[in-house]
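Here the structure is laid out as structure tokens; the discussion comes afterwards.
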Amino acid sequence: MIENQAVIRRIRTRIILPLLILLVVSSIDRVNISFAALQMNAELGLTPREYGVAISAFFSGYLIFQFPSIALLMRYGARKWIFVSVLLWGVLAIGMVFVRGTTSLYLLRFLLGLAEAGFAPGIVYLCGLWIPNRYRAAAIGLTMLAVPISVVVGGPLSGWLMSHQTIPFAISGWRWMFLAQGILTIAFAIFALKIVRDGPDDAPWLADADKRWLNEQHALDADSKGHALASMRAMLWSHKIWAAAGLYFVLIASAYGILFWLPQIIKQLSNISIFKTGVVSAFPWLGIGLGMYFNSRHSDESGERYYHVIVPLLLCSLCLAAATLVSDQVLALALLFVGSVGLGGAQGVFWTIPTSFLTRDLAGKGVAAISLCGNLGGLFGPYALGVILQASGSYKLPAYSMAALMVVGALLAAILRGNETVSRVSGEKPEALDPNPET
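Under the UniProt record's numbering, think of the first position of the sequence shown as 1, with each following residue one higher.
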């Protein structure tokens, strides 16, 4: 058993950690437009609505190409496809240097969505090739920290690049930021080609005995899976699935709505420099990371799931609304930080809810359906905030709208809890969907 744990630790170090680094790079390339907007919107004459469209253009490409991208990854192997994807991100980031208006901006954001479409789901697929099922949760959970880490690192980095006194090529600070980060991304593409392997059999640093053990574990996992069409029908008709999908929509819409508008909100609240805005913008995402870690840990220790989503969402809703009402800038930023802890806490525990009522046969299909709805939230959230902001001329109404959306999410979590037939306190599991429902 000790030797098996050593194999898993080696895989986490050699494969999972590099994948986390690549996910951080992916997230930085995705969200650096939120910092560029501090200069870009004025230079290009973008309205809040047009900026929201640019954000949504990314998610349009992301949704359209997600499944084809996964198919290409499975056909050509993770190593080659990840290299191509990361290389494309870098090239498209550099392409942002040449943006002259909304058309070129929308096109590049759409293409970036295409390039990144299958990467995050591909990471889950690759984890499945490497990590046996009973060790997989911690590995996938580690990758969830990529977005908070990317903002904690990318916020100050973007702010520093944009406000640097000696920007080369006589270009705008936001263009230099995209150029520098694009070059860095291309370097990581080469890193991915050298580090990532398609599976245990392709790893020169694993002993033959370790490879045999991993293959045996994967064979056992495969034997335990089924493919009942009746289960799929039960899933599609289950209100539990749609309630969970709605809850995930709220979580993603809230996270990306805040993510892409946060630097501009902070700039308006505090009127500080761009570099300091990047630094301050990192703190709420540090809060999200802390919320993910500590709330999920407490949820595991207590065995309770639903209130670990409901209470953090209500906390985030309250803090977000309150931040617009206070006049003290430090207090407003502190409220945003506490609210972010709540949002991260809800995200960290969410996936334990659908997996508690999905049978083994339904898990993959159910997670895919819920994830698709969540990504629609990424398309909706930033665009809706842009439209509301342009109509109202203030960040207050968008903040209230986001706070109300989180209350809806808390209600959906409460509905899911109400559907449990047996309390977890009794030690019994909640009712699972019948894998063979009557027709």
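For glycine and all other residues, C-beta sits at the position ideal for the given N, C-alpha and C. Note that the coordinates shown come from a computational prediction; the quantities given were computed from them, not determined experimentally.
**Q.** Same chain, Cβ closer than 8 Å to residue 314, five either side skipped, listed in chain order
**A.** Counted from its first residue, the sequence shown places residue 314 at position 314. Counting only Cβ-Cβ distances below 8 Å, and skipping sequence neighbours, we find 342, 406, 407 and 410.
Q) What residue range is occupied by the uninterrupted alpha helix (DSSP H) comprising residue 25? A) Here residue 25 refers to the residue found at position 25 when the sequence shown is read from its first residue. Per DSSP, residue 25 belongs to the alpha helix (DSSP H) from 17-44.
Q.
On a Cα-Cα basis, can you pick out the residue from 183, 22 and 412 that is closest to residue 241?
A. Taking the sequence shown and counting its residues from 1, the one referred to as residue 241 is at position 241. Of 183, 22 and 412, the smallest CA-CA separation from residue 241 is found for 412.
Q. How is residue 132 classed by DSSP in three states: helix, strand or coil?
A. Reading the sequence shown from its first residue, position 132 is the one you call residue 132. Residue 132 falls in the coil class under three-state DSSP.
Q. In the structure shown, what three-state DSSP assignment does residue 202 receive?
A. Position 202 of the sequence shown, counting from 1, holds the residue named residue 202. Correct three-state label for residue 202: helix.
Q | Straight-line gap, residue 216 to residue 390 (C-alpha atoms, nearest Å) | A | Position 216 of the sequence shown, counted from the start, is the residue given in the question as residue 216. Position 390 of the sequence shown, counted from the start, is the residue given in the question as residue 390. Cα atoms of residue 216 and residue 390: separation of roughly 58 Å, rounded to the nearest angstrom.
**Q.** Coarse secondary structure for residue 172, derived from DSSP in three states
**A.** Within the sequence shown, numbered from 1, the residue matching residue 172 stands at position 172. It is coil, neither helix nor strand.
Q.
Closest to residue 371 by C-alpha separation, out of 178, 117 and 345, would be which residue?
A. Translated into the one-based positions of the sequence shown, residue 371 becomes position 371. The candidate whose alpha carbon is nearest that of residue 371 is 117.
Q.
Tell me which residue opens and which closes the alpha helix (DSSP H) that residue 145 is part of.
A. Here residue 145 is taken as the residue at index 145 of the sequence shown, counted from 1. In the DSSP assignment, residue 145 falls outside any alpha helix (DSSP H) and carries neither an H nor an E.
Q: With a threshold of 16 other CB atoms inside 10 Å of the CB of residue 239, please say whether the residue is buried or exposed.
A: Along the sequence shown, one-based indexing puts residue 239 at 239. Counting the other CB atoms within 10 Å of its CB gives residue 239 a total below 16, which places it among the exposed residues.
Q.
So, under 8 Å CB-CB, residue 256 and residue 321 are touching, yes? Tell me the CB distance rounded to an integer number of Å.
A. Here residue 256 refers to the residue found at position 256 of the sequence shown. Here residue 321 refers to the residue found at position 321 of the sequence shown. Wrong, their Cβ atoms sit about 19 Å apart, outside the cutoff.
Q. Helix or strand or just coil, what does DSSP make of residue 207?
A. The residue given as residue 207 occupies position 207 in the sequence shown. Residue state, collapsed to three classes: coil.
Q: Starting from the N-terminal side, write out each stretch of the alpha helix (DSSP H) that is 4 residues or longer and does not extend beyond the segment 302-338.
A: If we require 4 residues or more, the alpha helix (DSSP H) runs fully inside the segment 302-338 come out as 307-323.
(Q) Considering just the uninterrupted stretch of the alpha helix (DSSP H) at residue 47, what are its terminal residues? (A) Here residue 47 refers to the residue found at position 47 when the sequence shown is read from its first residue. DSSP places residue 47 outside any alpha helix (DSSP H), giving it a letter other than H or E.
Q) Can you tell me whether DSSP reads residue 117 as helix, strand or coil? A) The residue given as residue 117 occupies position 117 in the sequence shown. The answer is coil: DSSP assigns residue 117 none of H, G, I, E or B.
Q.
Quick check: residue 245 and residue 369, are their CB atoms within less than 8 Å of each other?
A. Here residue 245 refers to the residue found at position 245 of the sequence shown. Here residue 369 refers to the residue found at position 369 of the sequence shown. A contact, by the Cβ cut-off of 8 Å.
Q) Thinking C-alpha only, which one of 207, 64 and 345 is nearest residue 284? A) For the purposes of this step, residue 284 is taken as the residue at position 284 of the sequence shown. Closest by alpha carbon: 345.
Q: Can you tell me which of 388, 126 and 396 puts its alpha carbon nearest to the alpha carbon of residue 202?
A: Taking the first residue of the sequence shown as 1, we reach residue 202 at position 202. When only C-alpha atoms are compared, the closest one is 126.
Q.
How far does the alpha helix (DSSP H) with residue 406 in it extend, from its first residue to its last?
A. Taking the sequence shown and counting its residues from 1, one reaches residue 406 at position 406. It spans 396-418 - the alpha helix (DSSP H) in which residue 406 sits, taken as one unbroken run.
Q: Could you say if the segment 33-43 and the segment 148-168 meet the contact criterion of at least three C-beta pairs nearer than 8 Å?
A: The answer is yes - the segment 148-168 touches the segment 33-43, with three or more Cβ pairs under 8 Å.
Q: Please work out which residues of its chain come closer than 6 Å, Cβ to Cβ, to residue 286, disregarding the five sequence neighbours upstream and downstream, and give them in chain order.
A: By one-based count along the sequence shown, residue 286 stands at place 286. 152.
Q) Should residue 197 go down as buried or exposed, given a rule of 16 or more other Cβ atoms within 10 Å for buried? A) Locating residue 197 in the sequence shown gives position 197, where the first residue counts as 1. Residue 197 is buried by the Cβ-count criterion.
Q.
Once the 5 residues before and after residue 199 are set aside, which same chain residues still bring their CB inside 6 Å of it?
A. Start at 1 with the first residue of the sequence shown, and residue 199 comes out as number 199. Contacts found: 129.
Q) For residue 84, which of helix, strand or coil comes out of DSSP? A) Translated into the one-based positions of the sequence shown, residue 84 becomes position 84. In this structure, residue 84 counts as helix in the three-state DSSP scheme.
Q: Starting from the C-beta of residue 110, find all residues in its chain whose C-beta is less than 8 Å away, skip the five residues before and the five after it, and write them out in chain order.
A: Here residue 110 is taken as the residue at index 110 of the sequence shown, counted from 1. Only 57, 58, 60 and 61 meet the Cβ criterion.
Q. Residue 416: buried (16+ other C-beta within 10 angstroms of its C-beta) or exposed?
A. Within the sequence shown, the letter at position 416 stands for residue 416. With at least 16 other beta carbons inside 10 angstroms of its own, residue 416 counts as buried.
Q) Alpha carbon to alpha carbon, how far is residue 328 from residue 334? A) In the sequence shown, the residue the question calls residue 328 occupies position 328. In the sequence shown, the residue the question calls residue 334 occupies position 334. Taking the straight line from one Cα to the other gives about 10 Å.
**Q.** Rounded straight-line distance, which links the Cα of residue 149 to that of residue 95
**A.** Within the sequence shown, residue 95 is the residue found at index 95, counting from 1. Within the sequence shown, residue 149 is the residue found at index 149, counting from 1. Looking at the two C-alpha atoms, the distance is approximately 25 Å.
Q.
Comparing C-alpha positions only, which one of 195, 331 and 398 sits nearest to residue 11?
A. For the purposes of this step, residue 11 is taken as the residue at position 11 of the sequence shown. Of the candidates 195, 331 and 398, the one whose C-alpha sits nearest the C-alpha of residue 11 is 195.
Q) Where does residue 228 sit, in a helix, a strand or coil, going by DSSP? A) Looking up residue 228 in the sequence shown gives position 228. In this prediction, residue 228 scores a pLDDT of 38, lower than 50, which makes its location untrustworthy; the coordinate-derived value is nonetheless stated afterwards. Shown here, residue 228 sits in coil according to DSSP, grouped into three states, outside any helix or strand.
(Q) Taking its Cβ as the centre, do 16 or more other Cβ atoms sit within 10 Å of residue 305, making it buried, or is it exposed? (A) For the purposes of this step, residue 305 is taken as the residue at position 305 of the sequence shown. Per the 10 Å Cβ criterion, buried.
Q) Are residue 253 and residue 380 closer than 8 Å when you measure CB to CB? A) Stepping through the sequence shown from its first residue, residue 253 is reached at position 253. Stepping through the sequence shown from its first residue, residue 380 is reached at position 380. Yes, they are a contact pair.
Q. Buried or exposed: which applies to residue 30, given that a residue is buried once 16 or more other Cβ atoms fall within 10 Å of its Cβ?
A. Your numbering for residue 30 matches position 30 in the sequence shown. When all chains shown are included, residue 30 counts as buried.
(Q) Taking its Cβ as the centre, do 16 or more other Cβ atoms sit within 10 Å of residue 8, making it buried, or is it exposed? (A) As a first step, residue 8 is located in the sequence shown; it is residue number 8 there, counting from the start. When all chains shown are included, residue 8 counts as buried.
Q) Between the C-alpha atoms of residue 171 and residue 183, what's the straight-line distance to the nearest angstrom? A) To locate residue 171, count along the sequence shown from 1; it is residue 171. To locate residue 183, count along the sequence shown from 1; it is residue 183. Straight across, the Cα-Cα distance linking residue 171 with residue 183 is about 16 Å.
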